[in-house]
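Q: Numbering (the UniProt record's numbering), first residue to last: 1 to 201.
1) Find the nearest neighbour of residue 89 within the set 58, 162, 169 and 73, judged by alpha-carbon distance.
2) Have a look at residue 117 and residue 97 and give me their C-alpha separation to the nearest angstrom.
3) For residue 168 and residue 86, which I take to be in contact (beta-carbon distance under 8 Å), what is that distance rounded to the nearest angstrom?
4) Would DSSP call residue 170 helix, strand or coil?
5) Would you check if the distance between the CB atom of residue 79 and the CB atom of residue 150 is smaller than 9 Å?
6) Say whether chain C places a C-beta atom closer than 9 Å to the C-beta of residue 108.
7) In three-state terms, what does DSSP make of residue 95?
8) Could you give the distance in angstroms between the alpha-carbon of residue 84 and the alpha-carbon of residue 73?
9) Here's the rule I'm using: 16 or more other beta-carbon atoms within 10 Å means buried, otherwise exposed. How should residue 154 be labelled?
10) Counting only the same chain and skipping the five closest in sequence on each side, list residues whose C-beta sits under 7 Å from that of residue 30.
11) Helix or strand or just coil, what does DSSP make of residue 84?
12) List the whole-angstrom C-beta distance separating residue 94 from residue 152, where the pair is believed to meet the contact cut-off of C-beta under 8 Å.
13) For residue 145, which residues of its own chain have a beta-carbon under 7 Å away from its beta-carbon, when the five flanking residues on both sides are left out?
14) Helix, strand or coil for residue 178 per DSSP?
15) I need the DSSP call for residue 74, collapsed to helix, strand or coil.
16) Quick check on the burial criterion: 16 or more other C-beta atoms within 10 angstroms. Buried or exposed for residue 142?
17) For residue 159, count neighbouring C-beta atoms within 10 Å of its own C-beta (all shown protein chains included) and say buried if the count is 16 or more, exposed if not.
What follows is the structure, given as structure tokens:
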């Protein structure tokens, strides 16, 4: 009886040997979790950044802008030269117009005095035969003189108009105003208002 008790005691004192069961191969694989929303936002955020521009691309862009600036400066210089040339032509025309108008006015004054003298003599001496050919010749001379004067005025007006248009295109209308004023004053100064104005004798 003591032997049976010792046998039972040995059985309880000795730990049982663990038995390892074989697991299927699929259980040994580590499952990969699907990306959550935070990870997807993180990927989209960093993928939105553009690749930094290289120094070569920046240099090319600066060169293109520099060429554009040089071209615009060249065009501006050409426009300034055209404006200067038109201003010089206008000044020459205005100066020449003043000289020509002074000469025309002097000739018109002489013709007016001559006509007045002829008309006065005709009134004093009614018996003196009237000479229509001299009056017609005087009228023709007066018409030719006034026509030439008007042609010079039209030339100066045309130059003034071109200068205004070019100045407005370059947004430099401030300088053309003084030429307009100067020309207007000269034109008024050289306009003739005599007894033959309007073709009346």
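Here a beta-carbon is modelled for each residue, glycine too, at the ideal position from N, C-alpha and C.
A: Working from what's here:
1) Residue numbering aside, residue 89 sits at position 89 when the chain shown is read from its first letter. Of the listed residues, the one whose Cα sits closest to residue 89 is 162.
2) Mapped onto the chain shown, residue 117 falls at position 117. Mapped onto the chain shown, residue 97 falls at position 97. Looking at the two C-alpha atoms, the distance is approximately 29 Å.
3) Start at 1 with the first residue of the chain shown, and residue 168 comes out as number 168. Start at 1 with the first residue of the chain shown, and residue 86 comes out as number 86. Between residue 86 and residue 168 the Cβ distance is about 12 Å, and since that is not below 8 Å, they are no contact.
4) Looking up residue 170 in the chain shown gives position 170. In this structure, residue 170 counts as coil in the three-state DSSP scheme.
5) Sequence index remark: in the chain shown, residue 79 carries index 79 (1-based). Sequence index remark: in the chain shown, residue 150 carries index 150 (1-based). For residue 79 and residue 150, no; Cβs fall outside 9 Å.
6) In the structure shown, chain C cannot be found, because there is only a single protein chain.
7) As a position in the chain shown, residue 95 is number 95, starting the count at 1. Of the three classes helix, strand and coil, the one that applies to residue 95 here is helix, per DSSP.
8) The residue labelled residue 84 in the question sits at position 84 within the chain shown. The residue labelled residue 73 in the question sits at position 73 within the chain shown. Roughly 16 Å separates the two Cα atoms.
9) The residue given as residue 154 occupies position 154 in the chain shown. So residue 154 counts as exposed.
10) To locate residue 30, count along the chain shown from 1; it is residue 30. Note that residue 30 scores 48 on pLDDT, short of 50, meaning its location in the model is unreliable; the coordinates nonetheless yield the value given after this. So the list is empty, once near-sequence residues are dropped.
11) Here residue 84 refers to the residue found at position 84 of the chain shown. The answer is helix: DSSP assigns residue 84 an H, G or I state.
12) Position 94 of the chain shown holds residue 94. Position 152 of the chain shown holds residue 152. Contact between residue 94 and residue 152 fails: their C-beta atoms lie close to 10 Å from each other, not under 8 Å.
13) Residue mapping note: residue 145 aligns to position 145 of the chain shown, counting from 1. Hits under 7 Å: 104, 107 and 108.
14) Taking the first residue of the chain shown as 1, we reach residue 178 at position 178. Only weak support is given to the placement of residue 178: the predicted model assigns it a pLDDT of 45, under 50, and the value that follows is read from those uncertain coordinates. The answer is helix: DSSP assigns residue 178 an H, G or I state.
15) Counting from 1 along the chain shown, the entry for residue 74 is found at position 74. Of the three classes helix, strand and coil, the one that applies to residue 74 here is helix, per DSSP.
16) The residue labelled residue 142 in the question sits at position 142 within the chain shown. Under this definition residue 142 is a buried residue.
17) Within the chain shown, residue 159 is the residue found at index 159, counting from 1. With 16 or more other Cβ atoms within 10 Å, it is buried.
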